[in-house]
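Worksheet for the structure shown next.
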Amino acid sequence: MSLSTRGDVLNSNWAQTAERYEARRSRGGIYPTVSKTQPVENGESLPLVLEHVRRHPPLPIGELTYDIMHGSNRTRELLSEFLSTRILGSCIAADEIVVLDGTTTLVNVLALSLCEEGDTAIVTCERREESSFMFMYRAGVKTVFVPSINTQSGLTTESLEAAWQEAGGEHSHIKMLFITSVALFTTGSSKTTNDIIAWARSRGLHILADITALGVSKGVDSIRSSWEATTPADDFHMIWSASEFFGIPGISLSTLITRNEELFEIMSSSMAYFGSCSRQSQWTVQHLLSDSDFVDSYFPENEHNQRNT
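Position 211 of the sequence shown, counting from 1, maps to 211 under the UniProt record's numbering, and the rest follow consecutively.
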């Protein structure tokens, strides 16, 4: 089945599965939650982003406000451009970034776009996270789990090779290696990461790398270096929960970074809406896209807090 055909299948049953996956995400998902606060006068505390929004007057209602309220594709395009130019320093082009809603939902749709019934995916995760991948089982995709932490050596090509052989090696239908957020963060050196990527490529696997924890801990430079370290190809895809990197509560900014144009189009159409339309989300996205003073004052302070908390 081609990627485009899989996209049609996903679109046909998306409405039935979205609610279940979103409920899973709302209960905590599989990703660490970042919550940074700023003291205020009355002894309570507000999230840092709300403190900064409070210092900046609301922006006038206009076309951008309407787009954000209605979750238009134009808003997603503007956010992709913002992430590329203001956050990532243009090392990742805007047309390589698609902004979507809900990291867990993104992982589900992405995985099922690359695998079909009867295929196998190798997933690196903690044992307590394994239940988060039941959606693959329900779709007929087999999973082979590889422990990635709580071991002396962490994730290695040797442990991946053992999983490959367990699944049948060259006679299997292994299509994907998913390196979860915590697993990527604990792999150790960049050489180890590159060795893992080379191992997967030598076996013709698509590689999903969740860089959320890495970005939160080590900042935007780690995101740039992770992308630049890979040879340009359409088999490597990064998942980044930008809202957790930003420390923004109440808004879901999940991103897929890929050079695979066909997959990019599938993800854009399979997840046609963008984010929550709460008032807090509208204000935050408005300021991100329109207020240079807000961006210049908020992000340096937030990044400092991320690295020192």
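Virtual Cβ for every residue (Gly too), placed ideally from N, Cα, C.
Give the secondary structure of residue i by DSSP, where H, G and I count as helix, E and B as strand, and everything else as coil.
i, result
"Leu208", "strand"
"Ala139", "coil"
"Ile92", "coil"
"Ser172", "coil"
"Thr193", "helix"
"Leu155", "coil"
"Asp291", "coil"
"Gly28", "Low confidence applies to Gly28: its pLDDT is 41, below 50, so where it sits in the model is not reliable, and the reading given next is rough at best. It is coil, neither helix nor strand."
"Ala111", "helix"
"Pro300", "helix"
"Ala233", "coil"
"Ala167", "coil"
"Gly161", "Note on residue identity: the sequence assigns Glu, not Gly, to residue 161. Helix at Glu161."
"Glu77", "helix"
"Glu130", "helix"
"Ser262", "The amino acid at residue 262 is misidentified as Ser; the sequence shows Glu. Glu262: helix per DSSP, three-state reduction."
"Thr284", "helix"
"Ile61", "Any reading at Ile61 must be qualified, since the residue scores a pLDDT of 49, below 50, and its modelled position is unreliable; the value itself is stated next. Residue state, collapsed to three classes: coil."
Whose C-alpha, out of the options, is nearest the C-alpha of residue i?
i, options, result
"Leu208", "Phe246, Met176, Asp221, Glu166", "Met176"
"Leu288", "Met267, Glu262, Ala242, Phe264", "Ala242"
"Arg203", "Val220, Thr157, Ala213", "Thr157"
"Arg138", "Asn305, Ala111, Pro147", "Ala111"
"Ser226", "Leu83, Leu205, Lys191", "Lys191"
"Phe236", "Thr284, Phe178, Thr212", "Phe178"
"Val146", "Thr180, Arg201, Cys91, Asp210", "Thr180"
"Cys91", "Arg76, Glu126, Pro232, Arg74", "Pro232"
"His206", "His304, Arg127, Leu263, Gly169", "Leu263"
"Glu228", "Arg74, Thr75, Ala93", "Ala93"
Going by the CB atoms, is the gap between residue j and residue i shorter than 8 Å?
i, j, result
"Thr120", "Ile174", "yes"
"Trp199", "Leu155", "no"
"Val109", "Met238", "no"
"Thr258", "Trp240", "no"
"Leu253", "Val99", "yes"
"Ala163", "Ile122", "yes"
"Val141", "Glu166", "no"
"Gly247", "Asn302", "yes"
"Ile223", "Leu114", "no"
"Val295", "Arg86", "yes"
"Ile97", "Leu78", "no"
"Asn260", "Asp234", "yes"
"Phe133", "Thr143", "yes"
"Glu244", "Thr284", "no"
Could you give the residue range of the beta strand (DSSP E) that holds residue i?
i, result
"residue 321", "Limits of the chain in this structure are 1 at one end and 309 at the other, which puts residue 321 out of reach."
"Thr124", "120-124"
"Ile97", "97-100"
What residues match up with residue i in a beta bridge as DSSP calls it?
i, result
"Met267", "Its beta-bridge partners do not exist; DSSP assigns none."
"Met238", "Ala209, Ile257"
"Leu177", "Ile122, Ile207"
"Phe145", "Val123"
Output the boundary residues of the alpha helix (DSSP H) element that contains residue i.
i, result
"Phe245", "242-246"
"Arg224", "220-228"
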